[in-house]
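One line per chain: the protein sequences are A and B, in this order.
Going by the numbering used here, the first residue of the first sequence is number 61, and it counts up by one from there.
Going by the numbering used here, the first residue of the second sequence is number 33, and it counts up by one from there.
Glycine is no exception: its CB is placed at the ideal position from the N, C-alpha and C atoms.
For reference, the structure is listed below as structure tokens.
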Amino acid sequence: MYKKLNQLSFVIGLFFTIVAVILLLNNWLTVGGGKISLYTAVVFAVFGVGMMGVRGRE
Amino acid sequence: MNLTTADYLIIVFYFIFVIGVGILIKKKIKSSSDFLSSAKGIPLWITSLAFISANLGAQEVIGMVASGAKYGIMTVHFYWVGAIFAMLFLGVYMMPFYYGSKARSVPEYLKLRFDEKTRGLNAISFAVMTVFSSGISLYALAKMLEIILHWDFDISIWVAAGIVMVYTFLGGLTSAVYNEVLQFFLIVMGLSPLVIVALQDAGGWANIKAQLSPEMTHAWKYMGNANDNPMGLHFMSLIFGLGFVMSFGYWCTDFLVVQRAMIARNMRDAQLTPIVASIPKMLMPLIVVLPGVIAIALMKQGSAYSIPVEADGQLNYTMTLPSLIAHYYPSGLLGVGITALMASFMSGMAGNVTAFNAVFTYDIYQPYLVKKQSDEHYLRVGKIVTVAGILISIATAYIAKGFNNINDFLQLVFGFVNGPLFATFLLGMFWKRTTGHGAFWGLVAGTLAAALTHGLTLAEGKGAWIANIYEIKSGMGQAFIVAGVSWIVNFFTTIIVSLMTKPKPEAELRGLVYSLTDKPKYAEGKWYLRIGPLAIILLLATIILNIIFF
Chain A
61 MYKKLNQLSF VIGLFFTIVA VILLLNNWLT VGGGKISLYT AVVFAVFGVG
111 MMGVRGRE
Chain B
33 MNLTTADYLI IVFYFIFVIG VGILIKKKIK SSSDFLSSAK GIPLWITSLA
83 FISANLGAQE VIGMVASGAK YGIMTVHFYW VGAIFAMLFL GVYMMPFYYG
133 SKARSVPEYL KLRFDEKTRG LNAISFAVMT VFSSGISLYA LAKMLEIILH
183 WDFDISIWVA AGIVMVYTFL GGLTSAVYNE VLQFFLIVMG LSPLVIVALQ
233 DAGGWANIKA QLSPEMTHAW KYMGNANDNP MGLHFMSLIF GLGFVMSFGY
283 WCTDFLVVQR AMIARNMRDA QLTPIVASIP KMLMPLIVVL PGVIAIALMK
333 QGSAYSIPVE ADGQLNYTMT LPSLIAHYYP SGLLGVGITA LMASFMSGMA
383 GNVTAFNAVF TYDIYQPYLV KKQSDEHYLR VGKIVTVAGI LISIATAYIA
433 KGFNNINDFL QLVFGFVNGP LFATFLLGMF WKRTTGHGAF WGLVAGTLAA
483 ALTHGLTLAE GKGAWIANIY EIKSGMGQAF IVAGVSWIVN FFTTIIVSLM
533 TKPKPEAELR GLVYSLTDKP KYAEGKWYLR IGPLAIILLL ATIILNIIFF
């Protein structure tokens with residue numbers, strides 16, 4: 061895990077995944093979150109997971 | 033605008049991540065070159081995104097949305113005329129000299145190519161400009177947070193500057209560059225939903241075009257006469273002033289952006305950095321110009337959204353982006369939008385601070401103040417200068433708060449110094465006869481010519497502090513004319529003085545001047561692997577975009 065944290069793409073992916081989870085939870089727990097939050101959360105999650113999976117020299 | 037727990041949580045996570053990056057990088061900092069110039073080991077995709085992100089400060093993001101609302105689609109000229117061509121030129125023609133000369137900074141290149149006094153002049157003016165620019169940006173962020181979130185001005189300043197200080201102090205340039213990449217994604221992905229939802233609300237681009245007056249949706253069509261377009265500019269003034277002098281002066285000589293290419297792993301990556309960066313730069317108007325145009329269209333349609341109004345009844349264009357975020361983003365996403373604005377500020381400030389500490393340490397402290405000390409000494413100085421740079425920025429932010437005119441004054445001085453600079457580099461890199469005396473006196477004469485032109489012309493009530501001999505319709509037009517005159521004066525002064533003084537021997541100019549430098553080997557490989565053809569493709573793409581929005 062520590063080795064992964066030294067990879068920038070992993071750090072960026074992790075950040076967007078966490079933000080996606082916050083957006084999804086907020087959308088689920090509150091009224092009036094709307095589709096925009098949901099769609100953004102899904103895009104952030106896909107991007108975040110994709111970035112975490114990227115292997116590259118950094 | 034009220035933030036909820038989810039919004040605060042996103043902001044806090046962002047702060048944790050940027051500081052975390054600094055902590056992770058800290059272990060790799062062993063020498064002054066690790067701290068100040070990243071020891072030239074950063075991959076291409078990171079240098080390219082950092083290159084564009086260092087320029088994506090809060091004033092850039094908020095300012096371009098404001099310009100989009102005020103001037104319409106003509107604002108794209110700052111990208112498709114005022115950036116891409118210069119970025120491609122930097123990659124193809126200038127990076128081989130910056131990178132190949134092994135200079136650690138742009139002023140150091142001037143020392144190698146010309147002499148010590150030219151380096152000193154450029155280093156001191158650059159250091160002063162960057163640190164003040166950082167302070168003005170800090171003031172703008174704190175003011176915006178005070179207005180839209182009612183956050184305390186002092187707390188905003190100290191928290192924002194404190195976080196930038198922590199991660200730049202821990203990890204130096206590498207930390208700033210890595211965070212700039214995170215900030216780039218955050219700005220783009222954080223503001224993209226806003227563009228989509230607002231565009232949909234406005235009925236799409238076709239509907240916007242139908243609602244707005246034609247000069248707001250055409251980039252070139254109404255530039256034949258300065259009175260016909262909202263910017264009040266003639267196309268020749270735009271092409272020479274912005275497209276040549278100001279654009280090349282900034283993108284090809286400003287160490288803040290060039291530094292991101294200079295830390296690439298090899299010459300090829302250094303050349304590709306601005307070229308690859310030009311791709312997202314080309315598309316950036318979608319994120320930072322289009323929202324402003326949409327905002328005006330929404331107001332014309334009688335939508336519930338409106339741009340805030342100032343006390344005198346005029347639209348407060350600066351608040352266009354924050355007000356759009358407040359209007360469209362629900363809780364949670366609001367935190368993403370605010371974090372994106374903060375990220376844009378932080379990337380701009382960290383860029384300024386890391387460029388400032390490198391120039392101060394390498395080009396002022398080491399050659400003039402304390403020579404021949406250990407590397408450990410210069411590493412310590414680099415860290416101290418980082419803290420000092422942030423503290424000066426904070427002091428500048430408070431001065432800007434007390435004296436509103438200081439912003440205008442500093443921007444004006446920056447213009448005087450930056451305007452003529454590209455002529456010095458152009459002659460230095462492509463004419464081996466250019467001498468150090470020519471470069472130095474050309475820069476001095478160009479700067480004085482800029483001040484004189486401003487003092488003799490009046491635009492929107494500004495300038496003419498010597499005499500009003502010529503009136504210009506817009507302040508932007510005046511800035512382009514001032515830059516153009518200063519460039520011409522520098523160009524010819526440099527040539528005349530150079531012809532009267534003794535040039536450096538050719539042996540000392542190898543690797544520094546075009547005609548005396550071997551072309552890189554990869555320039556002879558397959559066409560699609562070569563830098564030139566890639567730059568031509570991007571050049572054509574930019575021309576096509578200009579034609580589409582003609």
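Taking C-beta pairs closer than 7 Å, name the residues in chain B that A/Gly94 reaches, listed in chain order. Position 34 of the first sequence holds residue 94 of chain A. Chain B residues near A/Gly94: Pro362.
What's the C-alpha gap between B/Ala499 and B/Phe287? In the second sequence, residue 499 of chain B corresponds to position 467, counting from 1. In the second sequence, residue 287 of chain B corresponds to position 255, counting from 1. Rounded to the nearest whole angstrom, the CA to CA distance from B/Ala499 to B/Phe287 is 35 Å.
Taking Cβ positions only, does A/Thr90 come closer than 8 Å to chain B? As a position in the first sequence, residue 90 of chain A is number 30, starting the count at 1. For A/Thr90, the answer is yes, since a Cβ of chain B falls inside 8 Å of its Cβ.
For the 8 Å Cβ check, are there 3 or more pairs between the region 97 to 107 of chain B and the region 80 to 91 of chain A? Cβ pair count under 8 Å is below three, so no.
I want to verify the contact list: residues of chain B whose CB lies under 8 Å from the CB of A/Val79, in sequence order. Your numbering for residue 79 of chain A matches position 19 in the first sequence. Simply Ile42, Phe45, Val368.
Can you have a look at B/Met532 and say buried or exposed, based on whether 16 or more other CB atoms are within 10 angstroms of its CB? Within the second sequence, numbered from 1, the residue matching residue 532 of chain B stands at position 500. With fewer than 16 other Cβ atoms from the protein chains shown falling within 10 Å of its own Cβ, B/Met532 counts as exposed.
How many Å lie between A/Val109 and B/Gly52 at the Cα? In the first sequence, the residue the question calls residue 109 of chain A occupies position 49. In the second sequence, the residue the question calls residue 52 of chain B occupies position 20. Spanning the two alpha carbons is a distance of roughly 19 Å.
Decide if B/Tyr40 is buried, meaning its Cβ has at least 16 other Cβ atoms within 10 Å, or exposed. Counted from its first residue, the second sequence places residue 40 of chain B at position 8. Exposed is the call here.
Starting from B/Met263, find everything on chain A with Cβ-Cβ shorter than 7 Å and list it in chain order. By 1-based counting over the second sequence, the position of residue 263 of chain B is 231. Neighbours of B/Met263 on chain A: none; closest Cβ ~33 Å, over 7 Å.
Could you name the residues of the region 77 to 94 of chain B whose beta carbon sits closer than 7 Å to any beta carbon of chain A, in the order they occur along the chain? With the criterion set as a beta carbon lying under 7 Å from some beta carbon of chain A, the members of the region 77 to 94 of chain B are Ile78, in sequence order.
Measure from the C-beta of B/Leu214 to each C-beta in chain A and report whether the shortest distance is under 8 Å. Within the second sequence, the letter at position 182 stands for residue 214 of chain B. Interface with chain A (8 Å Cβ-Cβ cutoff): B/Leu214 is included.
Tell me where the beta strand (DSSP E) around B/Tyr502 begins and ends. The residue you call residue 502 of chain B lines up with position 470 of the second sequence. First-last of the beta strand (DSSP E) with B/Tyr502: 502 to 504.
Residues that B/Val341 bridges to, as DSSP identifies them: One-based indexing of the second sequence puts residue 341 of chain B at position 309. Per DSSP, B/Leu347.
I need the DSSP call for B/Leu490, collapsed to helix, strand or coil. Position 458 of the second sequence holds residue 490 of chain B. Shown here, B/Leu490 sits in a strand according to DSSP, grouped into three states.
For B/Leu142, the first and last residue of its enclosing alpha helix (DSSP H): Against the second sequence, residue 142 of chain B aligns to sequence position 110. Residues 138 to 145.
Considering only the beta carbon of each residue, do B/Pro535 and B/Lys464 sit closer than 8 Å? Start at 1 with the first residue of the second sequence, and residue 535 of chain B comes out as number 503. Start at 1 with the first residue of the second sequence, and residue 464 of chain B comes out as number 432. Cβ distance < 8 Å, so B/Pro535 and B/Lys464 count as in contact.
On the CB-based measure, 16 or more other CB atoms within 10 Å of its CB, does B/Phe582 come out buried or exposed? On the second sequence, residue 582 of chain B is found 550 positions in, with the first residue counted as 1. Answer is exposed; the Cβ neighbour count stays below 16.
Would you call the region 168 to 183 of chain B in contact with the region 402 to 409 of chain B, where contact means no fewer than 3 C-beta pairs closer than 8 Å? Contact fails: fewer than three Cβ-Cβ distances are below 8 Å.
Would you say the region 148 to 166 of chain B touches the region 320 to 330 of chain B, given that touching needs at least three Cβ pairs under 8 Å? Taking 8 Å as the limit for Cβ pairs, the verdict is that the region 320 to 330 of chain B does not touch the region 148 to 166 of chain B.
Kindly indicate which three-state DSSP category B/Ala329 falls into: helix, strand or coil? As a working mapping, residue 329 of chain B is identified with position 297 in the second sequence. B/Ala329: helix per DSSP, three-state reduction.
If we define contact as Cβ-Cβ less than 8 Å, is B/Leu56 a contact residue for chain A? Numbered from its first residue, the second sequence carries residue 56 of chain B at position 24. For B/Leu56, the answer is yes, since a Cβ of chain A falls inside 8 Å of its Cβ.
Out of curiosity, what's the CA-to-CA distance linking B/Val191 and A/Phe76? To locate residue 191 of chain B, count along the second sequence from 1; it is residue 159. To locate residue 76 of chain A, count along the first sequence from 1; it is residue 16. Computed Cα separation, rounded: 23 Å.
Apart from the five residues just before and just after B/Met468, which ones in its own chain have a Cβ nearer than 6 Å to its Cβ? If you number the second sequence from 1, residue 468 of chain B lands on position 436. Reading off the sequence, residue 468 of chain B comes out as Gly, not Met. Within its own chain, the residues whose Cβ lies closer than 6 Å to the Cβ of B/Gly468, once the five positions on either side in sequence are excluded, are Phe146, Asp147, Thr150, listed in chain order.
Listing by chain order, which chain D residues have their CB less than 9 Å from the CB of A/Phe107? Absent from the structure: chain D. Protein chains present are A and B.
So, does the region 472 to 488 of chain B touch the region 233 to 251 of chain B, judging by three or more C-beta pairs under 8 Å? At 8 Å Cβ cutoff, the stretches do not touch.
Excluding the 5 residues flanking B/Ser355 on each side, which residues of the same chain have their C-beta closer than 7 Å to its C-beta? Residue mapping note: residue 355 of chain B aligns to position 323 of the second sequence, counting from 1. A distance below 7 Å between beta-carbons, with the five flanking residues on each side excluded, links B/Ser355 to the following residues of its chain, in chain order: Ile339, Pro340.
Quick one: which chain B residues come within Cβ less than 9 Å of A/Val71? Looking up residue 71 of chain A in the first sequence gives position 11. Among the residues of chain B, those whose CB is under 9 Å from the CB of A/Val71 are Phe49, Gly52, Val53, Leu56, Tyr210, Leu214, following chain order.
Does the ligand HEM have a heavy atom nearer than 7 Å to the CB of B/Glu492? You won't find the ligand HEM in this model; it holds no ligand whatsoever.
Leaving out the 5 sequence neighbours to the left and right, which residues in its chain are closer than 7 Å to B/Asn14 when beta-carbon positions are compared? Past the boundaries of the shown model lies residue 14 of chain B; chain B is included only from 33 to 582, so the question cannot be answered.
Between the alpha carbons of B/Arg300 and B/Ser379, how many angstroms are there, rounded? In the second sequence, counting from the first residue as 1, residue 300 of chain B sits at position 268. In the second sequence, counting from the first residue as 1, residue 379 of chain B sits at position 347. Straight-line Cα distance between these residues: approximately 25 Å.
Going by DSSP, which residues form a beta bridge with B/Gly495? Indexing the second sequence from 1 puts residue 495 of chain B at position 463. Beta-bridge partners of B/Gly495 (DSSP): B/Leu490.
Can you say whether B/Lys102 is buried or exposed, counting buried as having 16 or more other CB atoms within 10 angstroms of its CB? As a first step, residue 102 of chain B must be located in the second sequence, where it is residue number 70. Residue environment: B/Lys102 is assigned as buried (16 or more neighbouring CB atoms within 10 Å of its CB, all protein chains considered).
Close beta carbons around B/Leu205, own chain, < 8 Å, minus the five adjacent residues each side: Position 173 of the second sequence, counted from the start, is the residue given in the question as residue 205 of chain B. Answer for B/Leu205: Phe67, Leu68, Ser69, Ser70, Gln291, Ile295, Thr386, Ala390, listed in chain order.
Length of the line joining the Cα atoms of B/Gly487 and B/Gly495: Within the second sequence, the letter at position 455 stands for residue 487 of chain B. Within the second sequence, the letter at position 463 stands for residue 495 of chain B. Answer to the nearest angstrom: the Cα atoms are 5 Å apart.
Find the nearest neighbour of B/Ala293 within the set B/Leu322, B/His182, B/Lys59, B/Met126, judged by alpha-carbon distance. On the second sequence, residue 293 of chain B is found 261 positions in, with the first residue counted as 1. Comparing Cα positions, the closest option is B/Met126.
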